[in-house]
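Residue numbers (this note's numbering), protein chains in the order written: chain A, 1 to 329; chain X, 1001 to 1130.
Encoded structure:
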């Protein structure tokens, strides 16, 4: 009698575990069927005698662990990122992780150079790695969940672009280098914005070019404005060749960067009004101090002129290359 | 792998080699069998049969299918409309009986044709011997 109770108790325990892993509307029906299966298996094993613990153990052994058995009934995906997406995930993780860690390393080196480095800062490396890992994984899990297909297109031949000739291709190194620089720049800007300035070898400190209070209060806007070149580089990386699409993205990103720069310069006191004074002292040129009153206008205009020129050249080059190499794409 | 197998200096190594080999063989055979399970199951369900008696029936005919593979498969085939099911409680023990639907029978016939075709082609392919 005790033996039978033990066996029944084991069955209840097993079924409880199975039910924990089962999902869907047929849950109860599946449980009922597994119970009847266990009964049948025990019956066959015992051939009329009372089932014992050894019998139930061997039945469970052939059914497998409760979680594994339940999983065979569950249709839903049992993975975050499926095999089709996994190679892309691994690639993206490697590139993004390498770039971010490199950026953190550089920013640690800079703070070491400035003498503000603390050993605790090395924790940044781990926290950056963990957050990058989490973000990339969540991103890909969402793509998997939403069912975005990267490679499985209904008519693959219709979607396969012709192999670009050598000159039409954009070497992968170009956007990657761009991304690395953007990332290092953003890291430095967020962590130590004061290093964008004039290095005073005498006092061993930077005379910041920018107004630190303004920079810190509108850091989000700054970072937002730095994302446009990143979008451009990522698109370049994906496209891999000159095309009309890439040209449009380039024009839009450059225009957005420029608009953002105008907005920031015209609406905020982003330049350090103390810069001309301190520079004049360091260089022994009192004339520079005159700039103090309208530092934002003068620096702003110079900066915008340079930026407009650079963006103009970039856009122009991209348009020309598109006309020559990517007109039909 | 080949190099390790080629060196017969160490008996342990040799044994491990044999283990790995038989494991690989077992995996390949089970992969080969996997595709035939549906056809085996459909072949036995012209009348109503419950899961465990199907396991035994197939086993008696030399086709070993684990219950934990067969039961979920029966449900999947039912979901695809190839099987229908009904609980039978009259005999004391509640059991779920499965049988082919008309669509299941049509699919079964199509699968037999595919199977014959495949066997023929495979035989031609393997005729050359090793």
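The C-beta atom is built at its ideal place from N, Cα and C for all residues, glycine as well.
It should be emphasised that the depicted structure is a prediction, and the values quoted were computed from it without experimental measurement.
DSSP state of residue 321 (chain A), grouped into three classes? Per DSSP, reduced to three states, the secondary structure at residue 321 (chain A) is helical.
For residue 62 (chain A), count neighbouring Cβ atoms within 10 angstroms of its own Cβ and tell me buried if that reaches 16, exposed if not. By the 10 Å Cβ count, residue 62 (chain A) comes out exposed.
Residue 1084 (chain X), DSSP secondary structure in three states: In the structure shown, residue 1084 (chain X) sits in a strand (DSSP, three-state: E or B).
Residues of the region 1111 to 1125 of chain X in Cβ contact with chain A at a cutoff of 9 angstroms, in chain order, please. So the list is empty, because no residue satisfies the distance condition.
Any idea which residues DSSP pairs residue 1104 (chain X) with across the strands? In DSSP, residue 1104 (chain X) forms no bridge with anything.
Under 8 angstroms Cβ to Cβ from residue 1087 (chain X), same chain only, skipping five residues before and after it: list those, please. Counting only residues of its own chain and dropping the five nearest sequence neighbours on each side, residue 1087 (chain X) has a CB closer than 8 angstroms to the CB of 1094, 1095, 1096 and 1097.
Can you give me the Cβ contacts of residue 141 (chain A) inside the same chain, cut-off strictly under 7 angstroms, excluding the 5 residues immediately before and after it? Here the set comprises 80 and 81.
Closer than 9 angstroms by beta-carbon distance: list the chain X residues that pair up with residue 65 (chain A), in chain order. Residues of chain X passing the Cβ test: none, with the nearest at roughly 10 angstroms.
Taking Cβ to Cβ, would you say residue 228 (chain A) is nearer than 8 angstroms to residue 253 (chain A)? Cβ atoms of residue 228 (chain A) and residue 253 (chain A): closer than 8 angstroms.
Would you say residue 41 (chain A) reaches chain X, if we count a Cβ-Cβ gap shorter than 8 angstroms as a contact? Interface residue, yes.
Span separating the alpha-carbon of residue 1045 (chain X) from that of residue 1083 (chain X): Straight-line Cα distance between these residues: approximately 8 angstroms.
Out of A:278, A:47 and A:52, state which residue places its alpha-carbon closest to the alpha-carbon of residue 205 (chain A). If we check each option's Cα against that of residue 205 (chain A), A:278 comes out closest.
Using a Cβ cut-off of 9 angstroms, which residues of the region 1043 to 1067 of chain X contact any Cβ in chain A, in chain order? Shown in chain order are the members of the region 1043 to 1067 of chain X whose Cβ falls below 9 angstroms from a Cβ of chain A: 1050, 1051, 1052, 1053, 1055, 1056, 1066 and 1067.
Rounded to a whole number of angstroms, what is the C-alpha to C-alpha distance between residue 1016 (chain X) and residue 1029 (chain X)? If you take the alpha carbons of residue 1016 (chain X) and residue 1029 (chain X), they lie about 20 angstroms apart.
Residue 263 (chain A): buried (16+ other C-beta within 10 angstroms of its C-beta) or exposed? It is exposed - the Cβ of residue 263 (chain A) has fewer than 16 other Cβ atoms within 10 Å.
Between A:175, A:270, A:311 and A:119, which lies nearest to residue 294 (chain A) when the distance is taken from Cα to Cα? Nearest option by C-alpha distance: A:270.
Among A:48, A:182, A:261 and A:251, nearest to residue 313 (chain A) - alpha-carbon criterion: Considering only A:48, A:182, A:261 and A:251, the residue with the shortest C-alpha distance to residue 313 (chain A) is A:251.
Grab the span of the beta strand (DSSP E) containing residue 208 (chain A) for me, first residue to last. Residue 208 (chain A): member of the beta strand (DSSP E) spanning 205 to 208, first to last residue.
Does any residue of chain X have a CB that is nearer than 8 angstroms to the CB of residue 36 (chain A)? Yes, because at least one Cβ of chain X sits closer than 8 angstroms to the Cβ of residue 36 (chain A).
Residues of the region 83 to 105 of chain A with a CB closer than 8 angstroms to any CB of chain X: list them in chain order, please. Cβ contacts with chain X come from no residue of the region 83 to 105 of chain A.
Residue-chain proximity (residue 1097 (chain X), chain A), Cβ-Cβ < 8 angstroms: Taking Cβ atoms only, chain A never reaches closer than 8 angstroms to residue 1097 (chain X), which makes this a no.
For residue 1106 (chain X) and residue 1072 (chain X), the rounded distance between their alpha carbons: Their Cα atoms are separated by approximately 22 angstroms.
Alpha helix (DSSP H) segment containing residue 1068 (chain X), residue limits: Per DSSP, residue 1068 (chain X) belongs to the alpha helix (DSSP H) from 1067 to 1079.
Taking DSSP as the reference, what is the three-state secondary structure of residue 272 (chain A)? Coil, per DSSP.
Rounded C-alpha distance that separates residue 1041 (chain X) from residue 171 (chain A): One Cα belongs to residue 1041 (chain X), the other to residue 171 (chain A), and the distance between them is close to 55 angstroms.
Contacts that residue 1106 (chain X) makes with chain A (C-beta to C-beta distance below 7 angstroms): Think of a sphere of 7 angstroms around the beta carbon of residue 1106 (chain X): no beta carbon from chain A falls inside it, the nearest being about 24 angstroms out.
Please say whether residue 69 (chain A) and residue 136 (chain A) have beta carbons closer to each other than 8 angstroms? Against a cut-off of 8 angstroms, the Cβ pair of residue 69 (chain A) and residue 136 (chain A) comes out as no contact.
So which residues on chain X does residue 4 (chain A) lean against when the C-beta distance must stay under 9 angstroms? Chain X residues near residue 4 (chain A): none, gap ~16 angstroms exceeds 9 angstroms.
Between residue 72 (chain A) and chain X, is the shortest Cβ-Cβ distance under 8 angstroms, so that the two count as touching? Residue 72 (chain A) counts as touching chain X.
Beta carbon of residue 193 (chain A), beta carbon of residue 223 (chain A): below 8 angstroms? Contact flag unset, no.
Roughly how many angstroms lie between the CA atoms of residue 1051 (chain X) and residue 1091 (chain X), to the nearest whole one? Distance from the CA atom of residue 1051 (chain X) to the CA atom of residue 1091 (chain X), rounded to whole angstroms, is 16 angstroms.
From residue 213 (chain A) to residue 189 (chain A), what distance separates their C-alpha atoms? So the alpha carbons of these two residues sit roughly 13 angstroms apart.
Using a Cβ-Cβ distance under 8 angstroms, would residue 154 (chain A) count as near chain X? Residue placement at residue 154 (chain A) is poorly supported in this model, since its pLDDT is 48, which falls under 50; the coordinates still yield a value, given next. Closer than 8 angstroms: no.
Quick one: Cα of residue 1123 (chain X) to Cα of residue 1116 (chain X), how far? Inter-residue distance for residue 1123 (chain X) and residue 1116 (chain X) is about 10 angstroms (C-alpha atoms, whole angstroms).
In whole angstroms, what is the alpha-carbon distance linking residue 1119 (chain X) and residue 11 (chain A)? Approximately 43 angstroms, taken between the alpha carbons.
Contact criterion: CB-CB distance below 8 angstroms. Does residue 1075 (chain X) meet it with respect to chain A? It does; some Cβ of chain A falls within 8 angstroms.
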